[in-house]
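Q:
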Amino acid sequence: MQQLARLEAPVVVSANCLLAGHVLYLDENHAWVEALASAYLFQSLEEASAVAVKVNDPAQVIGIELVGVALQATQTVARHYREAIRANGPGEYVFPSLTGEADVSVQ
């Protein structure tokens, strides 16, 4: 889990689905959901850490961590670009190649 000293509330609890690899977030009922918008926003790092320890089920999820988020209007968004990519999926990216052709990564 990320070091708490580097995080500021609000945060959400995030993990990866062990079987499918999807990014998951913990909702207010301590159930795993796929949408960041459905995640519960913890206002306390200590509470979020305690809940993350309780919901750790190695048969279901891996890589549990706290993710810093912000509210923009009524939308929850990740504060770090890495987490924004995880939340929104890989999308389509074009990677230049040495041959002049482009390699495209498609979700």
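My numbering puts the first residue of the sequence shown at 1, with every later residue one more than the last. Glycine is no exception: its CB is placed at the ideal position from the N, C-alpha and C atoms.
Could you tell me how far apart the beta carbons of Val61 and Val69 are, in whole angstroms, since I believe they sit closer than 8 Å?
A: For the purposes of this step, residue 61 is taken as the residue at position 61 of the sequence shown. For the purposes of this step, residue 69 is taken as the residue at position 69 of the sequence shown. Contact doesn't hold; Cβ gap of about 19 Å is too wide.
Q: Cα-Cα, which of Glu34, Ala20 and Leu19 is closest to Leu26?
A: Looking up residue 26 in the sequence shown gives position 26. It is Glu34.
Q: Leaving aside the five residues before and after Val51 along the sequence, list all residues of the same chain whose C-beta is less than 8 Å from its C-beta, in chain order.
A: As a working note, residue 51 is residue 51 in the sequence shown. Closer than 8 Å at the Cβ level, and outside the excluded window around Val51, lie Val13, Leu26, His30 and Phe42.
Q: Please classify Val53 as buried or exposed, where buried requires at least 16 neighbouring CB atoms within 10 angstroms.
A: Position 53 of the sequence shown, counted from the first residue, corresponds to residue 53. Classification for Val53: exposed.
Q: Are the CB atoms of Leu7 and Leu45 within a distance shorter than 8 Å?
A: Position 45 of the sequence shown holds residue 45. Position 7 of the sequence shown holds residue 7. Going by C-beta atoms, Leu45 is nearer than 8 Å to Leu7.
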